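Peer 1: Positions 1 to 197 (the UniProt record's numbering) are the ones given, in order, by the sequence shown. All residues carry an ideal CB built from backbone N, CA and C; glycine is no exception. Note that this is a predicted model, so its numbers are computed, not measured.
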Amino acid sequence: MEPARYFSWKDFKNPLLVFALEQEAGTYFSSFNVLFTGLGKLNAALSLQQALAQSAHDIVINLGTAGSKNFSRGRVVCCEGFLERDMNVEALGFKPYQTPFSDPSEHLIKGLLVRGLPSGVCGTGDSFVSDRYPKDYQLVDMEAYALALVCHRKKTPFLSLKYISDGADQEAAAEWNTKLPSASEELARVLNTLRSS
């Protein structure tokens with residue numbers, strides 16, 4: 001099994017911070033190189049691919065919100081792995097979340113870990129989850145797997161930190177809207193702690 005890789009700020013000189021939406025960043029990240037991709041896997045992949053083609057970055061750090069039934073609201077969680085939760089070709093004999101005829105290493109892509117932060121597998125899909133989801137992943141979003149895939153293919157280190165904004169349940173949409181200001185503030189606090197450690 002591949003050993004876990006831990007993030008250290010001093011190992012990188014030119015990080016790119018990636019958010020889906022400006023609202024997730026607030027006003028806290030103006031001193032960084034920041035990319036806003038828009039919502040969803042396609043927007044995320046295309047935007048990051050273009051950004052990395054235009055400028056050399058030695059790490060991509062994805063910051064944003066996620067829903068979870070496993071982690072409490074208000075926590076920042078490090079995504080240790082990423083899968084595509086809405087890829088389903090089981091009828092043709094493929095495993096859940098597996099893209100047919102793709103590299104097996106892209107079925108579950110590993111991310112960097114952060115010491116002291118809880119971690120879990122992120123299930124990415126083009127839907128806002130407000131209902132039950134499988135035990136194969138512990139948090140849900142709409143971009144991280146696509147970003148991780150671009151970085152995996154470009155051999156660029158990838159770290160994803162998610163603020164748990166909602167419980168991925170019937171109240172998820174309302175909770176997400178009200179938690180955005182808290183999300184940007186807490187993500188900035190965690191990132192500044194990593195910079196100074």
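Determine the direct distance from the alpha carbon of Trp176 to that of Leu159, and round the result to whole angstroms.
Peer 2: 22 Å
Peer 1: Using a 10 Å radius around the Cβ and a threshold of 16 neighbouring Cβ atoms, would you call Ala183 buried or exposed?
Peer 2: buried
Peer 1: Just the C-alpha distance for Val89 and Pro100, rounded to the nearest angstrom, thanks.
Peer 2: Rounded to whole angstroms, Val89 and Pro100 show a C-alpha spacing of 7 Å.
Peer 1: Look at the alpha carbon of Leu117 and the alpha carbon of Gly93, and state the distance between them as a whole number of angstroms.
Peer 2: 37 Å
Peer 1: Within this structure, are the beta carbons of Lys162 and Gly40 separated by less than 8 Å?
Peer 2: With respect to Gly40, Lys162 sits apart: the two C-beta atoms are not nearer than 8 Å.
Peer 1: Can you look up Pro181 in the DSSP assignment and give me helix, strand or coil?
Peer 2: helix
Peer 1: Quick one, which of Ala173, Gly167 and Leu21 has its alpha-carbon nearest Gly74's?
Peer 2: Gly167
Peer 1: Please name the residue, chosen from Leu113, Val114 and Leu139, that lies closest to Cys122 on a Cα-to-Cα basis.
Peer 2: Residue Leu139 is the option with its Cα nearest to Cys122.
Peer 1: Exposed or buried, what is Ala56 when buried is set at 16 or more other beta-carbons lying within 10 Å of its beta-carbon?
Peer 2: exposed
Peer 1: Heavy atom of the ligand HEM less than 7 Å from the Cβ of Arg189, yes or no?
Peer 2: The ligand HEM is not part of this structure, which contains no ligands at all.
Peer 1: Tell me which residue opens and which closes the alpha helix (DSSP H) that Ser47 is part of.
Peer 2: Lys41 to Gln54
Peer 1: The beta strand (DSSP E) spanning His80 covers which residue range?
Peer 2: The question names His, but residue 80 is Glu in the sequence shown. Element bounds for Glu80: Val76 to Glu84.
Peer 1: When you compare only the Cα positions, how much space is there between Val150 and Glu24?
Peer 2: Each residue's alpha carbon lies about 21 Å from the other.
Peer 1: Determine the direct distance from the alpha carbon of Val18 to that of Asp103, and round the result to whole angstroms.
Peer 2: 25 Å
Peer 1: Measuring straight from C-alpha to C-alpha, what distance separates Thr37 and Glu186?
Peer 2: 21 Å
Peer 1: Just to confirm my understanding: we take Leu194, look at its own chain, exclude 5 residues before and 5 after, and list those with CB closer than 8 Å. What are they?
Peer 2: Phe7, Trp9 and Val114
Peer 1: Can you give me the Cβ contacts of Ser119 inside the same chain, cut-off strictly under 8 Å, excluding the 5 residues immediately before and after it?
Peer 2: Val77, Cys78, Cys79, Glu80 and Leu113
Peer 1: For the segment 90–150, which segments carrying the beta strand (DSSP E) assignment without a break, of at least 3 residues, lie completely within its bounds, in sequence order?
Peer 2: 119–124 and 139–141
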